[in-house]
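These notes concern the structure reproduced below.
The structure is reproduced here in structure tokens:
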């Protein structure tokens, strides 16, 4: 009788014990990339004022007016934890057991990257008690600085492993981030650490500087290639996630339009990336000029509202985790901080800007040459240099990477906030404005509100904190 | 000879008893009988479905009797669990019997559709007005969160599948489930495959005490169906035919004040009615083509739906041949239905062919019988819900037509003004394109039936063995046409709909076998004991393969090969087995006290191996007061019985719930997905659901008290029941904190209680020689409550659409509807945005109310005058909320009546304030609001995207009163029909769902319509559903 009843094994899904790092890693990366590269890219793009909501549709009005609630973006919180992080944790455990240090490192770095984004968005997140399944169904939320410290320790532990051991995997294709290069994973690990130290530099300057100094005294290498998810095809369900979301699956792909903030800056600088970031208006009546929309002015009835430039989102665009240019911008700032006025900082900045242009297949060398629009203010104050670095970084992140620009604005205050709205004659191109339809009384959002769904399921979710309250590292 | 009073035909099998003795006889096939009776004795004639009659013998040796049909008496013998017939008076629980006449009176496609409002404690609805749409039957409220609250259907002692075809069907560009808001399609559920004309009788068993012998699947009640079989005597031919015509019963009522436009201005490209007041002036509209533009008067088009929908038709025929001898019997029937619904074209059509063959033979003590049914279904259904990127859905496009545009004028969808390039708006599609170019076709072949052997060893012992099978092979093809406006045309900015094709094949097979030994022993003249022991083995298999492709390269050709993209394919298997043993003992004392004890133990493959056994007992007691105390029986009290019962039923898990699995790599983006393989890389991921190796079965315990009272010579009958049912240890994928690494775990949890009252009142106010009037009133009230949820959970979400949720919350009725509310000050004033006057949204959602009925009642009237019968019935369901996307979209486009609030003049939100926010982002105080909502943002006020608190308006009171049916039947006298060699004939004209009354706030949708499945999640409401229909028909029944 018991044999007769022994039919309870699913023929369509393998049991979890059969999973190997190589068969899990791509989907885990896709969960990170699909979230950062779609819904979070839209959030970042609008909050960094690269894009604004069109006046002829509705989709992202809540983001553009800072009208998010506790139930906004709950799916993304779940996807990052259950879709990405839990799978990285599975690979970490599995590869530790089999001494497959390649996947141990790759999964640790991806976990750290994914959690860094979550901490920066939510301030406090589950970490030390997370990913325990039935052993802890209601994990505590850890303070952001504790999560950072834990992640850095995890990365350090992974970096010490023996990458020459025969037990290591040597994947190529299935490593959809860095094609199986251990060296580049180490560089990704170091660059991520650098980014985290810089993020906490205003709140824990000593600890952050010590960490940065150690990276340099250890002479570690940083990324010179893009750490990105690139393996897209131009076909349904297989292309760049922002393209899938915004262009293929929404019933209109015209929601995301050029914000005056970004476009006016590009125009003022005659930056060729203008025509890469945006599509020239093609609708009738024909126009000869680029048309942006003031940030958050989606209720406008201005006659040319239908002609505002649409965001140029491409099906094969990579989802950047840390791009080469971002790595250079981070190094430029770090160098400027540990050895003020070092020539290396300038050359690193130049390299970053040129790489940022190259990412869009345009040449930026003339822009950083002496007298160029983006020439490094080598003789200026530290703040002037930082403003250049961060502003350039902000301008380099249009597309699937914009969340990082929003974090950096909160950390550094750059690009600066305008005292007038962008329709005012006194408006300076590129300065961020409070969106026209904003509902938070002139105060910018500094975080996301804890997931309402998680609050229903976990009594350890901290008390509600409004959207406008700063996160732990945001003290400027 | 004993004959039928109405048609004069003989009645075989009537039992004749000499009153006060044990002498008895039965009529033969010709209705004849003989019996030895002492002089002056009294004969009692009894037969199921007829009033019994007493005749005191005179001098004649021949006593001819005409018995009168009596629907109230129909339940004297009822079929109970495992197909066992029992005297109704012996039952200790409530059992509602339905006659074949009630089922087929208005010639419905589905056997349940004639019963709405007629059975106390049963909520019966049809999901939509489409032909062949699913039926929903809920007995005594929702008890299970896991999804299955539908009763088990048992045909001739064998369970059959009632799965809804909707649930299995993923649809092109996104898998669709029963709870999806995208492209849902209803091709009907399994029980609708039964031809109502093949049914002899139906018993509805509601409580656990009645159903527990059926085991696991009977926790939500059982519908026991006995099909027709051949009877000894002359071979009979019965022919039934009906023709029915239908039109829309309920379509949205729209405002007729303002016409096409947006923000108060006329705009001939808008899909909304936010333009200026309609003034009757001729205006150009739509796009100019070659410099020419159409024009029409700017007036409301009030016949828009009447003009769009066509007259539906339905032809329903059944021919049956039956007969037999004392030892052999046979029954053969063929039924055919062809139906085309009210949507133009045959996009909503349903064809069904049914063949039923049954036979039995006796060989000494051995009776062998077999039943075989074949059903062929060929259905096309209009997709509801939201359109996808492959194609639009009809009802959504219909709503997006301004009130001044006559929809039917767009019929020529290839005309240069109405085609894809030049249709008046880029925001919607011509509904005629949608209905003509997108489509689907569902075909299924189903065999179900059983074979049985019965052997009587001795008077006190017999055994039976029965094997039943139910196999369905379903195939669905679903397609959407490419709709891509050409560059440079007015609609060039509209995103192209890329078209798609899906093929789905769904095989399911159920095998069920029972071996039962029956025992009967009369202990002495007072005590009788009978009982049974049995064993049951059940296996259910399911296999679904689904393949879809999107982005068609060749117009109008629908095949998986027609795309530049590779197909997306998936398969699903499930298999479950169950072994059960059971026993039942019936003790009776002096024919007035009846005690039944039963118990069952199951072993299920879906539970953990070492704890897969579960046991559940039951008991019920029936006490016929008027038989125990004969003195109580008088002209006032004819009959009184009290009932009490207690029972348990157990339920196992879904297959594959005990282990943790990997699933194919698929990342949800919010809109769209990333699906592996991608560019040559494949991947699995750890499932977000944790299995549970410690699962226990879920158990329902129910007790019930009831009474069956009849007064004034059975002229007034009251059947009342009170029940209290608690389901605990429900097996459910419970949501958990994503911080655990998973989003749900399968677990036993919670307790849900349903208690309620059912009342059925049968009255015969007039019973004359020629004229009679019968009246039945039913009342049901069910209160349910969620008693427990798992640790630390305050609520569980059951369904959601656009920020409105259906949830279970502790201490509350099951199925609360929650949604956004306006942000308010501590003293309750509405906080609005100072820049546009629109309310701000509160951080937390609030409870709007719950889905449950306050009560339901039904009223059935039947008048007879000689050969004429007139019947009509009403169904009244009070209370409960539903979500309506039809409402939401009508508000969005400014077609809803309430959008003309204040004649669309600027207004201030009443009692509103603005927040004063300090530099730190904190609220420091409030000031009186002076920002009126102007013309430009009135549309935003009614649009949930801009004013989240508006979603309360999309949640409607789903109360209604419906006139379910009206029928007038003439039965031809025997003398007349015999001239055409027939034995009986009748003709009826009838109507179904003739009128509906709803609360004023619901001007949008028939509250019975649901697009979310026919179970608990379907109670949430509808997402772009279609209209319900009313029908009129005529039917003819002839027997030879």
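Residue numbers (the numbering used here), protein chains in the order written: chain A, 279 to 754; chain B, 1059 to 2098.
All C-beta atoms, glycine included, are put in the ideal place defined by N, C-alpha and C.
This one's a predicted model, so the numbers in the text were calculated from it and none came from an experiment.
Thinking just about the alpha-carbon of each residue, which of the options is nearest to the one in residue i?
| i | options | result |
| --- | --- | --- |
| residue 2098 (chain B) | B:2038, B:1497, B:1842 | B:2038 |
| residue 1188 (chain B) | B:1159, B:1404, B:1328, B:1100 | B:1404 |
| residue 1095 (chain B) | B:1117, B:1088, B:1214 | B:1117 |
| residue 1832 (chain B) | B:1552, B:1928, B:1757 | B:1928 |
| residue 1620 (chain B) | B:1539, B:1983, B:1577 | B:1539 |
| residue 335 (chain A) | A:305, A:418, A:535, A:597 | A:535 |
Please state whether DSSP places residue i in a helix, a strand or coil.
| i | result |
| --- | --- |
| residue 1097 (chain B) | coil |
| residue 579 (chain A) | coil |
| residue 1350 (chain B) | strand |
| residue 1409 (chain B) | strand |
| residue 1213 (chain B) | strand |
| residue 1332 (chain B) | coil |
| residue 756 (chain A) | Since the first residue of chain A shown is 279 and the last is 754, residue 756 (chain A) is not available in this structure. |
| residue 2015 (chain B) | strand |
| residue 1835 (chain B) | strand |
| residue 1193 (chain B) | strand |
| residue 475 (chain A) | helix |
| residue 1867 (chain B) | strand |
| residue 1668 (chain B) | helix |
| residue 1141 (chain B) | helix |
| residue 1608 (chain B) | strand |
| residue 1254 (chain B) | helix |
| residue 1126 (chain B) | coil |
Which one or two residues does DSSP pair with residue i in a beta bridge?
| i | result |
| --- | --- |
| residue 1444 (chain B) | B:1240 |
| residue 1112 (chain B) | B:1102 |
| residue 1508 (chain B) | B:1429, B:1526 |
| residue 1074 (chain B) | B:1083, B:1103 |
| residue 1260 (chain B) | B:1156, B:1283 |
| residue 1810 (chain B) | B:1785, B:1844 |
Quick check: does the Cβ of residue i come within less than 7 Å of any heavy atom belonging to the ligand MG?
| i | result |
| --- | --- |
| residue 400 (chain A) | With respect to small molecules bound, the structure shown includes none, and the ligand MG cannot be examined in it. |
Mind the definition here: the segment 1170–1183 of chain B touches the segment 1372–1381 of chain B only if three or more C-beta pairs lie below 8 Å; say whether that holds. No, the segment 1170–1183 of chain B does not touch the segment 1372–1381 of chain B.
Between the segment 1554–1564 of chain B and the segment 1604–1612 of chain B, can you find at least three pairs of beta-carbon atoms closer than 8 Å? They touch, by the three-pair rule.
With 8 Å as the C-beta to C-beta threshold (strictly closer), list the residues of the segment 1742–1756 of chain B near chain A in chain order. Here the close residues are 1742, 1743, 1744, 1745, 1746, 1748.
Is the segment 1897–1916 of chain B close to the segment 1936–1948 of chain B, with three or more CB pairs under 8 Å? Result yes; three or more Cβ-Cβ pairs closer than 8 Å.
Can we say the segment 624–633 of chain A touches the segment 529–548 of chain A, given the rule of at least three CB pairs closer than 8 Å? Output reads no: the segment 529–548 of chain A does not touch the segment 624–633 of chain A.
Does the segment 1314–1330 of chain B come close enough to the segment 1415–1429 of chain B to have 3 or more Cβ pairs within less than 8 Å? Judged by Cβ distances under 8 Å, the segment 1314–1330 of chain B makes no contact with the segment 1415–1429 of chain B, as fewer than three pairs qualify.
contact_flag[the segment 565–574 of chain A, the segment 426–440 of chain A] where n(CB pairs < 8 Å) is 3 or more: Two segments are said to touch when three or more pairs of C-beta atoms, one from each, lie closer than 8 Å; by this definition the segment 565–574 of chain A does not touch the segment 426–440 of chain A.
For the segment 508–519 of chain A, enumerate the residues whose C-beta is nearer than 8 Å to any C-beta of chain B, in chain order. Per Cβ criterion, the list reads 509, 510, 511, 513, 514, 515, 516, 519.
So does the segment 1769–1783 of chain B actually touch the segment 393–412 of chain A, counting three or more Cβ pairs closer than 8 Å? Counting C-beta pairs with one atom in each stretch, the segment 1769–1783 of chain B and the segment 393–412 of chain A have fewer than three that are closer than 8 Å, which means they do not touch.
With three or more beta-carbon pairs closer than 8 Å as the criterion, would you say the segment 1790–1797 of chain B touches the segment 732–739 of chain A? Verdict: yes, contact present.
Is it a yes or a no for the segment 389–399 of chain A touching the segment 327–344 of chain A, going by three-plus beta-carbon pairs under 8 Å? No, the segment 389–399 of chain A is not in contact with the segment 327–344 of chain A.
Members of the segment 1322–1345 of chain B that neighbour chain A once the beta carbon cut-off is set at 9 Å: Residues passing the 9 Å Cβ filter: 1323.
Does the segment 1211–1218 of chain B touch the segment 1845–1858 of chain B, meaning 3 or more C-beta pairs lie closer than 8 Å? Counting Cβ pairs under 8 Å, fewer than three are found: no touch.
Taking any Cβ of chain A, which residues in the segment 1622–1646 of chain B have a Cβ under 9 Å from it, in chain order? The segment 1622–1646 of chain B vs chain A, Cβ under 9 Å: 1622, 1623, 1624, 1626, 1628, 1629, 1630, 1631, 1632, 1633, 1634, 1635, 1636, 1637.
Using Cβ-Cβ distances below 7 Å, what residues of the segment 308–323 of chain A are close to chain B? Here the close residues are 308, 309, 312, 316, 317.
Decide yes or no for the touch test of the segment 1388–1398 of chain B against the segment 1351–1362 of chain B: beta carbon pairs closer than 8 Å, at least 3 of them. As far as the Cβ criterion goes, the segment 1388–1398 of chain B does not touch the segment 1351–1362 of chain B, which means the pair count is below three.
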